[in-house]
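2 protein chains.
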Amino acid sequence: MPRTKAKAGEFKRSPCPVANTLDVIGDKWSLLVIRDLFAGKTIYSEFQVSPEAIPTNILANRLTRLIEHGLVEKSAYQERPVRYAYTLTQKGRELGPVLLEMVKWGEKYFPGSKAMMKK
Amino acid sequence: MPRTKAKAGEFKRSPCPVANTLDVIGDKWSLLVIRDLFAGKTIYSEFQVSPEAIPTNILANRLTRLIEHGLVEKSAYQERPVRYAYTLTQKGRELGPVLLEMVKWGEKYFPGSKAMMKK
DNA sequence: TATAGTAACTTGCAAAAAGCAAGTCACTTG
DNA sequence: CAAGTGACTTGCTTTTTGCAAGTTACTATA
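Taken in sequence, the protein lines are chains B and U. Each residue of the first sequence is one higher than the last, beginning at 27 in the numbering used here. Each residue of the second sequence is one higher than the last, beginning at 27 in the numbering used here.
Here it is as structure tokens:
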């Protein structure tokens, strides 16, 4: 029997804001999806063609997780066939500074790497 | 046959600084160890008593990874018995701003969470 | 109308990483 | 010399990843 699905934020492993933040975005992929959203990408296939080549099942999983945590919204932008656009919520956009600091650090310590983020 | 051990930074999944940064600290635990180092912790047992209760094998693994990536240094601070102190390198300390932004975001979106980081 | 194509996922399964408990090693202390 | 302690390591089960193939709902073409 699968265990009961936990709602976003229901369990906390600690009272530390860093730990709580990591429980939402602490993995190899979530912040890359958010980076793409900042870069203006909105549809499934756009995320797939990023240079890191995220596996499709992981992408689907991360998008629903980000929605559950309230960082991303999904809305149909056309019918027949229905197509969805993913966009950042205010909560998601407020991760911009985190991303920005990672860009700075990454550009400094991985020479040759270069951000392509929109502001 | 186990595959050849990759040196830190040898392979890159993309030219993006965010992706490269995540390859170093993109998991649930690494930044918590770094947080503890910022908080002044230096020895193994101190990291273990943090509220998140990191499993001992994961702690050992993360410390060596952080050393391999040049974010942390290990030095004996006493002989008989030999005891080691872990400290941040300059490269590691420069992750401070990333941590700081996570603290801000976490404090905003996880009411009740409160940072205990030293500056 | 049948055939092919496409976007957006879902499913199945093997491999890698995480997590828990117990064990080891080098000492120190009573 | 028996017990204790800090710092890990090992073994094993569970969970998460990652790859590939399959599915669904349409559209476009012959």
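Note that beta-carbon positions come from the ideal geometry of N, C-alpha and C, so glycine has one too.
Where the beta strand (DSSP E) through residue i begins and ends
| i | result |
| --- | --- |
| U/S56 | Element bounds for U/S56: not the beta strand (DSSP E) but the alpha helix (DSSP H), 56–64. |
| B/T115 | Per DSSP, B/T115 belongs to no beta strand (DSSP E) and is neither H nor E. |
| B/K100 | 98–104 |
Buried versus exposed call for residue i [16 or more other C-beta atoms within 10 Å across all chains shown]
| i | result |
| --- | --- |
| B/E127 | buried |
| B/E78 | buried |
| U/G52 | buried |
| B/W131 | buried |
| B/A65 | exposed |
| B/V108 | exposed |
| B/I60 | buried |
| U/S101 | exposed |
| U/T47 | buried |
| U/V124 | buried |
| U/V129 | buried |
Nearest-angstrom Cα separation, counted from residue j out to residue i
| i | j | result |
| --- | --- | --- |
| B/A141 | U/I84 | 31 angstroms |
| U/E72 | U/Y135 | 28 angstroms |
| U/R106 | U/E99 | 20 angstroms |
| U/E133 | U/R119 | 21 angstroms |
| B/L97 | U/P81 | 29 angstroms |
| U/R39 | U/L89 | 23 angstroms |
| B/V44 | B/Y103 | 35 angstroms |
| B/K117 | U/W55 | 23 angstroms |
| U/K67 | B/Y110 | 47 angstroms |
| U/R91 | B/V75 | 30 angstroms |
| U/V50 | B/D49 | 17 angstroms |
| B/T115 | U/I93 | 37 angstroms |
| B/A86 | B/Y70 | 8 angstroms |
| U/H95 | B/H95 | 31 angstroms |
Whole-angstrom C-beta distance between residue j and residue i, which should lie under 8 angstroms
| i | j | result |
| --- | --- | --- |
| U/L58 | U/T113 | Between U/T113 and U/L58 the Cβ distance is about 16 angstroms, and since that is not below 8 angstroms, they are no contact. |
| U/G138 | B/P41 | 7 angstroms |
Residue interval of the alpha helix (DSSP H) (run including residue i)
| i | result |
| --- | --- |
| B/A86 | 82–94 |
| B/A141 | Careful: B/A141 lies outside any alpha helix (DSSP H) and carries neither H nor E. |
| U/D53 | Segment: none, U/D53 is in no alpha helix (DSSP H) and carries neither H nor E. |
| U/S71 | 70–74 |
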